[in-house]
Amino acid sequence: MTPLSLHIPLSTYRLQFNSSFTFQDASRILPYLSQLGITDCYASPYLKAAPGSTHGYDVVDPTELNPEIGTETEYQAFIQALHQHGMGQILDVVPNHMGIAGSTNLWWQDVLENGPSSHYATFFDIDWIPVKPELENKVLLPILGDQYGIVLENQEIILHYDDGQFFLTYYENRLPIDPCTWSTILTFRQDTLNQCLENSDPHLHEFQSIITALSHLPARTETETERVAERYREKEVIRRRLSTVIAENSTIRNFLLENIQLLNGIKNSPRTFDILDHLVSHQAYRLAYWRVAAEEINYRRFFDINQLAAIRMEQPEVFQAAHKKIFELLTSGAVNGLRIDHVDGLYNPRAFLAQWQQWAAEHLEVQADTQGRSLYLLVEKILGTEERLTPDWLCHGTTGYDYLALVNQLFIQETHQRQIEQIYSRFTKQSLRYDDLIYECKNLIMTSSMSGEINALGHQLNVLSERNRRSRDFTLNSLIHAIREIIACFPVYRTYIGPDPLEGPLDRDRVYIRLAVARAKRRNPAISNLVFDFIRDLLLRIPQESPDLDWETIRPFVMKFQQTTSPVTAKGVEDTAFYSYNRLTSLNEVGGEPQHFGVPLSKFHQYMQERATQWPTSLSTTSTHDTKRSEDVRARINVLSEIPTEWRQHLKLWSRLNKKAKQPINDQLAPSLNEEYLIYQTLLGTWPLGGLSEPAQPHFLTRIREYLVKALREAKVNTSWLNPDETWEKAVGEFLSRILSLRPTNTFLQDFIPFQQRIAKYGMYNSLSQVLIKILAPGVPDFYQGTELWDFSLVDPDNRQPVNYLLRQQRLSDLQHMRQTTPPLDLVHTLLQEAENGLIKMFLTTTALHLRKSHPHLFLEGLYLPLEFKGEQAHHVCGFIRQHHSHICMVIFPRFLTNLIPDQTISPLGESIWGQTSMSLPPEFATHSVRNILTQEIVTPQNGPGMVGLPLGTLFQHFPFALLEPAS
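Just so we're aligned, residue 728 is where the sequence shown starts under the working numbering, counting upward by one.
Right, dumping it as structure tokens:
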């Protein structure tokens, strides 16, 4: 049988599956997506997740589909519909962690019952011998809403019996009880039972025999294979015996029920809880107040989320068990590629990707490509500005945050950086370097929500330092402080030093580590450099003089260090600094670095050329389920970089007009100046097209209020998730209500609305230019659900609302009808004039997607060549050529239009706007006319001295965007 070729999507469309959007719902929109030009669905995780999950990243059973999303039959119908439309599917998978909330994760429940002897004890990344001795061979469970003793004596922790087993409940949490401790329940008041039954009663003998059997049960600390097998076998036998004797003998049944009632204690009588306390304290878990987690947690989490426990995917048995269903979906052809969530959380990402490609080579009838890849793999990886994926990662690229950041920068006017900086610092009356803010925010995370992880690293390091006489005098506190400082100064999310003793660190990783240590030293002149050097040498695997510090000994510290820098950076940067550094909030995006303000056009083209040669099938995205602002919100806010003087004037007026709307809270006015600055940008970015009507005002107000609560808590300045200040939050919400009042006397809105309309118009051009770049530049274009029309959503949950597909299907039908009945020039004129209805965005999207489908090799394999423009307006246009053998396409689009057309009601069309500005073409185009696919116009190059060109006044005479191909 001839092997199939590797499936590479031409375009992807992200679908967020949950109980509100099921397999059946997805099946219904496939005809629409196909007509739009999409080739592959890009599905959020849909394996069985925690009940009510809205996102699917909290998988509790990786062997089943999520029943809330649909049945196996409904899933197969979805797959059949995909195939009928010639479409593929990329599935988002979660290898780093599992959901453990409630009691639905049977692997985790087994660990809670059996501790280190559990079959799954090594599946989860648990430190069974942590710093705190009371936690030895236990898991800290920080699920309580108050101190343990208070919760226990408030009768919130309840003992139960059901069908041969005992368990505890704490609200929705069901917690198993180690069978070795059942004797505490069974022997309580045993004299009473003996008095109620004859000594010869066979049920009493059986009951007593069960107690004896429990005393011989292997302890949960046993890890030898035979003893573990004995424990599992015998405890099930005991359960059946107990269930039988209780079912058959009412006296024993009533005795146990009375025991349970008594053990559950009496409110306001603390001593009645002593035995229950003893029972709870002898389990494989330690129940604790949720606030304890930050310092004492002894299982690795996804970031700082207690309900998501990390798994050890580096172990072959975990890889096999966790991907059982995924294997099935791939081998059946239901899924054609995978998106790897949070790859930086893995022990060894490179080995993990290689493991996947090895599996694919062995199980999929696919011809591997020249790099040995038999499966399309994408990694969710945040890259720094100058950071690149290493070529030895056997994947096809990232999920596109690096692309998003760069393309967004293309619409930031670099020359106005200093003015925007001054406006921000003067308005907020604060001046803080972004690098200093990042340092402070990462330190905040490490001393609050993730201090436990840092302390654990410090204790590991302390053990290592004791092995060498030159480092034994480093104190534990100095080591923990040095680790914190190095991570706070780390320039990237993580390094990728492998566990293999024969492999040294990559050169780039050496640079990152040395840079972090050098920065940490500069920030800590009062601390001995020797501590930092000691850590640096361990991370760089520099041979130590002590024979007790070989690689085998230091490897656990190095590997755990690498798994720690990434979540600290994510929480410190994306979830803290991005909400407090509001200079230009469109730059505060996942994958972005807000200290950079714009990108030189030459650098943009260089990046795209590298992408075309190195990662041509990496995703190109502009909005995702995780972005802080949608592509269209960012496109609007970017306009502010073009008009700093106007921005400053309006800010000054708004601040004066709205001062009375603020409230004093503890000697401060709420909102703060920095928060007020954020509010104005947010309103400019999200204001509804067509204005804010009275019926729509309450919903819009609720949306922005809820967003601000999240933004302020993430910023961790005046309120936070750990310590919410509801008084402050309420005051900010009331400020918003007052300034958005639709009363005719609201002078703020009288000034705000005309300025916002101006911003919105220019923002549309930015958005439309982004669409063309995304679809036709190197990479695989990815569309987040619903963004084929205008989308002015903010960070989740705002961007995860149900999508109105009936509206979109009708709009596409309207567009198709217009294309059939309206001359091309009249069509684009109408689309421009009625841009607010979103059809113009859908028009560019579907036209470019179908062009891409018609020429797959051109856009997947073709060269990327920059176009050059000459003339006084050349700064306002950008373009590129895609070329594959004889196939050619040219893409031209505008930017920075506020100076080109100061009156936003005028379209950027014709020679009166573009003057003598022209697009330069290579001489081989001298005799070739080109057709603008968008307008169907035929344009002939004009010969000039030493060049061939196309005047932009002609090219943009009717429509300010062009897709050119040779005219037949």
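All C-beta atoms, glycine included, are put in the ideal place defined by N, C-alpha and C. Since we're looking at a predicted model, the values are computed, not measured.
Going by beta carbons, K994 and Q882 fall inside the 7 Å limit. Secondary structure at F850: coil, using DSSP grouped into helix, strand and coil. In the structure shown, N1401 falls within a helical segment according to DSSP collapsed to helix, strand and coil.
Y1130 is positioned such that its CB atom lies closer than 7 Å to that of S1347. Going by DSSP, D1096 is part of no alpha helix (DSSP H) at all; its letter is neither H nor E. Take the alpha-carbon of L1534 and the one of L1242: they are about 52 Å apart. W855 is not a Cβ neighbour of N841, given a cutoff of 7 Å. Taken through DSSP and simplified to helix, strand or coil, S732 comes out as strand. In the structure shown, M1646 adopts extended strand secondary structure according to DSSP, grouped into three states.
Assigned with DSSP and collapsed to three states, F1029 falls in strand. Boundaries of the beta strand (DSSP E) around E1595: E1595 to K1597. The Cβ atoms of W909 and L941 lie closer than 7 Å to each other. Of all C-beta pairs linking the region 899 to 909 to the region 925 to 933, fewer than three are shorter than 8 Å, placing the two stretches out of contact. In the structure shown, E1692 falls within a strand segment according to DSSP collapsed to helix, strand and coil. Counting C-beta pairs with one atom in each stretch, the region 964 to 979 and the region 1005 to 1021 have fewer than three that are closer than 8 Å, which means they do not touch. C-alpha of E963 to C-alpha of L989: approximately 26 Å in a straight line. Straight-line measurement puts the Cα of V786 at about 13 Å from the Cα of F744.
Between the alpha carbons of I1207 and P843 lies a distance of about 28 Å. Look at the beta carbons and you see the region 1218 to 1231 not touching the region 1190 to 1203: under three pairs across the two are nearer than 8 Å. Taking a contact as a CB-CB distance under 8 Å, the pair Q1669 and W1641 does not count as one, their CB atoms being some 14 Å apart. Positions of the alpha helix (DSSP H) runs, each at least 4 residues long and wholly inside the region 1047 to 1101, are given as 1051 to 1058 and 1076 to 1090 in order along the chain. Taking the Cα positions, F1519 is about 40 Å away from R1246. For the pair F915 and P903, the CB atoms are not nearer than the 7 Å cut-off. Following the DSSP letters along the chain, one finds E985 inside the alpha helix (DSSP H) bounded by residues S977 to L990. Remark: C-beta atoms of L1102 and N991 do not approach each other more closely than 7 Å. Within the region 1342 to 1415, the complete alpha helix (DSSP H) segments of 4 residues or longer fall at 1358 to 1365, 1371 to 1384 and 1400 to 1413, listed in chain order. Cβ-Cβ distances below 7 Å link R980 to I973 in the same chain, with the five nearest sequence neighbours on each side left out; the list follows chain order. Judged by DSSP in its simplified three-state form, T1125 adopts strand. Y1128 is positioned such that its CB atom lies no closer than 7 Å to that of V838. When the Cα atoms are used, K1248 and I1172 turn out to be separated by approximately 20 Å. By alpha-carbon distance to N1526, the top candidate from R1430, L1400, L1585 and S738 is R1430. Residue ranges of uninterrupted beta strand (DSSP E) with 3 or more members are absent from the region 1462 to 1495; none lies entirely inside it. If you look at M1545, you'll find it isn't in any beta strand (DSSP E); it sits in the alpha helix (DSSP H) that goes Y1532 to T1548. Inclusion of F1620 and F1688 in the CB contact set at 7 Å is warranted, their separation being smaller than that value. In the structure shown, H810 falls within a helical segment according to DSSP collapsed to helix, strand and coil.
Listed in chain order, the beta strand (DSSP E) elements of length 3 or more contained wholly in the region 1571 to 1642 are 1590 to 1593, 1595 to 1597, 1604 to 1611 and 1614 to 1621.
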